[in-house]
Amino acid sequence: MTKIILPPATIGIIGGGQLGRMMAISARQMGYKIAVLEPGEDSPLAQISDIEINAAYDDEVALADLLAICDVVTYEFENIPYAAVQAVENVGYIPQGHRPLMIAQNRLREKDAINEAGFNTAPYADVSTEEKFRTAISEIGYPAVLKTVSGGYDGKGQWSLKSDEDLLQALAVVKEHHCIIEGFVPFDKEASVIVARSTTGETRAFPVVENVHFNSILHTSTLPANVDAVLAAKAQDLAENLIERLDLVGTLAIEMFVVGSELLVNELAPRPHNSGHLTIDCCNVSQFEQHIRAVCGLPLIEPEILQPATMVNLLGQHVDYAMEMWQTSAYADGYLHMYGKEENKRDRKVGHLTFLEKDATALKAKVAAFLTNFPK
Ligand code: AMP
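Structure (structure tokens):
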């Protein structure tokens, strides 16, 4: 039975990073209380939570405690061991359950699920042994991308294979890790759609976002994406159909490659996503509020873009530059979001800045000027 969770109920969040923090900011605005489970103390989410439990994500006693004290529990990242969530899901109310984690934390299961649901990905193969690897590379050919099946993020656990010269390194990786090999997609653009599905079954997709990565880490996201209306509608339909066919609840972020008029799904994340952060400032509802609505059984809002926007990710090495620019009148109207991380570590996401303009051309010029001397 669908439960409706109203404020001032307590929402538990497994994971204490920036995604949990931004979910909690939305939830607190609506009047919910927040409990967090995260191994380290004073995490970005713990800083704004009512209750903090410090324990490993697979500590079943701590997970059960969280479920017992919360009216509803959700999660903010996909690498929580799914079996731990499965073991405690009957203790309390965790409407998403363990299935989204099970699918998303294994690239092979994820690609199989996408294809079984009727959508396309790059060609891929399981490479659990050297023999399978040799067969796969002869079928897929170069260029290809080798990825660890689990545990990779932001380009970590990924190797590009251009020719036989890369075989030696690849074989060493395959000996150590269970991998997947994918054909390299010569994409025109990268895009993503964030879609939410409520416990009631109501589904709403945000408009398609255009993404630019640098060193495999998201650099900028722009809404609306510069794609034609047919492709934009196709991306939103894909997202709504995929979450329904996979029968998932909560938020699903779908990263895609745009190749001509085709869309290939690259990756799924069963949570709000970095490419959806700009919805906080440029849409009538943010991905975080929509997520809270979805897990609380509340009606979803049909997302609309209020103004074109670009989000610039701030990694540790970008903070000094961004702060300096943000103090100047040219960029002072950028919406700054800092995550309360202890240190500004290189290549770690510590905040973001979202710029809004009335028209897409002015936005493009402003972001280009802002990024002219952006540190690498
Ligand atoms: P992922 O961790 O799978 O999201 O990959 C990170 C980034 O690497 C993607 O956003 C792409 O820019 C690039 N990438 C990953 N897989 C492929 C592929 N099969 N073909 C082309 N580029 C890829």
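Residue 1588 is where the sequence shown ends in the numbering used here, and the numbering goes up by one at each step. Ideal Cβ placement from N, Cα and C applies to all residues, glycine included.
Residue 1300 in three-state terms, based on DSSP: As a first step, residue 1300 must be located in the sequence shown, where it is residue number 88. Here residue 1300 sits in helix by DSSP.
Going by alpha carbons, who is nearest to residue 1390 out of 1544, 1320, 1350 and 1452? For the purposes of this step, residue 1390 is taken as residue 178 along the sequence shown, with counting starting at 1. For the residues 1544, 1320, 1350 and 1452, the minimum Cα distance to residue 1390 belongs to 1320.
Measuring straight from C-alpha to C-alpha, what distance separates residue 1559 and residue 1525? As a working note, residue 1559 is residue 347 in the sequence shown. As a working note, residue 1525 is residue 313 in the sequence shown. If I take the Cα positions, the gap works out to 10 angstroms.
So residue 1339 is in the beta strand (DSSP E); what residue range does that whole segment cover? For the purposes of this step, residue 1339 is identified with residue 127 of the sequence shown, where counting begins at 1. 1336-1339 is the extent of the beta strand (DSSP E) around residue 1339.
Where the beta strand (DSSP E) through residue 1567 begins and ends: Along the sequence shown, one-based indexing puts residue 1567 at 355. Element bounds for residue 1567: 1561-1568.
May I ask whether a heavy atom of ligand 1 can be found less than 8 angstroms away from the beta carbon of residue 1331? Here residue 1331 refers to the residue found at position 119 of the sequence shown. No, the Cβ of residue 1331 stays beyond 8 angstroms of every heavy atom of ligand 1.
Please return the same chain residues whose Cβ sits closer than 6 angstroms to the Cβ of residue 1217, not counting the five positions on each side in sequence. Locating residue 1217 in the sequence shown gives position 5, where the first residue counts as 1. The residues are 1283, 1284 and 1508.
Which residues mark the beginning and the end of the alpha helix (DSSP H) in which residue 1272 is found? As a first step, residue 1272 is located in the sequence shown; it is residue number 60 there, counting from the start. Its alpha helix (DSSP H) spans residues 1272-1281.
Please give me, in chain order, every unbroken run of the beta strand (DSSP E) with length at least 3 that falls completely inside the stretch 1415-1479. 1415-1417, 1421-1426, 1429-1435 and 1462-1471
DSSP-derived helix/strand/coil call for residue 1349: Along the sequence shown, read from residue 1 onward, the residue named residue 1349 stands at position 137. Here residue 1349 sits in helix by DSSP.
Buried or exposed: which applies to residue 1397, given that a residue is buried once 16 or more other Cβ atoms fall within 10 Å of its Cβ? To locate residue 1397, count along the sequence shown from 1; it is residue 185. It counts as buried.
With hydrogens ignored, establish whether the beta-carbon of residue 1423 is closer than 8 angstroms to any heavy atom of ligand 1. Counting from 1 along the sequence shown, the entry for residue 1423 is found at position 211. Yes, the Cβ of residue 1423 comes within 8 angstroms of a heavy atom of ligand 1.
Unbroken beta strand (DSSP E) runs of length 3 or more, entirely within the stretch 1472-1541: which are they? 1474-1481 and 1521-1527
Give a yes or no on whether the C-beta atoms belonging to residue 1510 and residue 1517 are separated by under 9 angstroms. By 1-based counting over the sequence shown, the position of residue 1510 is 298. By 1-based counting over the sequence shown, the position of residue 1517 is 305. Against a cut-off of 9 angstroms, the Cβ pair of residue 1517 and residue 1510 comes out as no contact.
Taking the alpha helix (DSSP H) that residue 1573 falls in, what are its first and last residues? As a working note, residue 1573 is residue 361 in the sequence shown. Looking at the DSSP string, the run of the alpha helix (DSSP H) that includes residue 1573 is 1572-1583.
What I want to know is whether the C-beta of residue 1354 ends up closer than 8 angstroms to one or more non-hydrogen atoms of ligand 1. Residue 1354 sits at position 142 when you count from the first residue of the sequence shown. False, no ligand heavy atom lies under 8 angstroms from that Cβ.
Under the criterion of a Cβ to heavy atom distance below 8 angstroms, does residue 1396 qualify as lining ligand 1? Counting from one through the sequence shown, the residue named residue 1396 turns up at place 184. The answer is yes for residue 1396.
Close-in-space but distant-in-sequence residues of the same chain around residue 1226 (CB under 6 angstroms, 5 per side omitted): Taking the sequence shown and counting its residues from 1, the one referred to as residue 1226 is at position 14. Closer than 6 angstroms at Cβ, skipping near neighbours: 1249, 1287 and 1292.
Just how far apart, CA to CA, sit residue 1302 and residue 1413? The residue you call residue 1302 lines up with position 90 of the sequence shown. The residue you call residue 1413 lines up with position 201 of the sequence shown. Those two C-alpha atoms are separated by around 21 angstroms.
Is the beta carbon of residue 1356 less than 9 angstroms from the beta carbon of residue 1388? Along the sequence shown, one-based indexing puts residue 1356 at 144. Along the sequence shown, one-based indexing puts residue 1388 at 176. For residue 1356 and residue 1388, no; Cβs fall outside 9 angstroms.
So, are the CB atoms of residue 1460 and residue 1311 less than 9 angstroms apart? As a working mapping, residue 1460 is identified with position 248 in the sequence shown. As a working mapping, residue 1311 is identified with position 99 in the sequence shown. Yes; because the gap between Cβ atoms is below 9 angstroms, this pair is in contact.
Could you give the first and the last residue of the continuous beta strand (DSSP E) run that contains residue 1260? The residue given as residue 1260 occupies position 48 in the sequence shown. Neither: residue 1260 is in no beta strand (DSSP E) and is coded neither H nor E.
Would you mind working out which of 1538, 1543, 1565 and 1290 sits nearest residue 1551, comparing C-alpha positions? In the sequence shown, the residue the question calls residue 1551 occupies position 339. Here the closest residue by C-alpha is 1565.
beta-carbon residue 1359 near ligand 1 non-hydrogen atom, thresh 8 angstroms: Residue 1359 sits at position 147 when you count from the first residue of the sequence shown. Yes.
Which term fits residue 1220, buried or exposed, when burial requires 16 or more other beta carbons within 10 angstroms of its beta carbon? If you number the sequence shown from 1, residue 1220 lands on position 8. When all chains shown are included, residue 1220 counts as exposed.
Quick check on DSSP: helix, strand or coil for residue 1224? Against the sequence shown, residue 1224 aligns to sequence position 12. Three-state DSSP puts residue 1224 in a strand.
Using CA coordinates, which residue listed in 1411, 1490 and 1563 is at the minimum distance from residue 1423? Against the sequence shown, residue 1423 aligns to sequence position 211. The option with the nearest alpha carbon to residue 1423 is 1490.
Out of 1502, 1496 and 1486, point me to the one whose CA is closest to residue 1562's CA. Sequence index remark: in the sequence shown, residue 1562 carries index 350 (1-based). Among 1502, 1496 and 1486, the Cα nearest to that of residue 1562 belongs to 1486.
Taking the alpha carbon of residue 1477 as the point to measure from, which residue in 1323, 1539, 1421 and 1266 has its own alpha carbon closest? The residue given as residue 1477 occupies position 265 in the sequence shown. Selected option, being the one with the closest Cα: 1323.
Starting from residue 1311, trace the alpha helix (DSSP H) both ways and give me its first and last residue. Here residue 1311 is taken as the residue at index 99 of the sequence shown, counted from 1. Where residue 1311 is concerned, the enclosing alpha helix (DSSP H) stretches over 1311-1316.
Taking the C-alpha atoms as reference points, what is the distance between residue 1224 and residue 1350? Within the sequence shown, numbered from 1, the residue matching residue 1224 stands at position 12. Within the sequence shown, numbered from 1, the residue matching residue 1350 stands at position 138. Straight-line Cα distance between these residues: approximately 48 angstroms.
May I ask which residues mark the beginning and end of the alpha helix (DSSP H) holding residue 1384? Along the sequence shown, one-based indexing puts residue 1384 at 172. Counting along the chain, the alpha helix (DSSP H) containing residue 1384 begins and ends at 1379-1388.
If we call anything under 9 angstroms between Cβ atoms a contact, is residue 1579 one with residue 1415? For the purposes of this step, residue 1579 is taken as residue 367 along the sequence shown, with counting starting at 1. For the purposes of this step, residue 1415 is taken as residue 203 along the sequence shown, with counting starting at 1. No, Cβ-Cβ distance for residue 1579 and residue 1415 is not below 9 angstroms.
Is the Cβ-Cβ distance between residue 1513 and residue 1499 less than 9 angstroms? Against the sequence shown, residue 1513 aligns to sequence position 301. Against the sequence shown, residue 1499 aligns to sequence position 287. No, Cβ-Cβ distance for residue 1513 and residue 1499 is not below 9 angstroms.
What whole-angstrom Cβ distance do residue 1399 and residue 1470 have, given they're in contact under 8 angstroms? In the sequence shown, residue 1399 corresponds to position 187, counting from 1. In the sequence shown, residue 1470 corresponds to position 258, counting from 1. Between residue 1470 and residue 1399 the Cβ distance is about 6 angstroms, and since that is below 8 angstroms, they are a contact.
Unbroken beta strand (DSSP E) run spanning residue 1358, endpoints: Stepping through the sequence shown from its first residue, residue 1358 is reached at position 146. Counting along the chain, the beta strand (DSSP E) containing residue 1358 begins and ends at 1356-1360.
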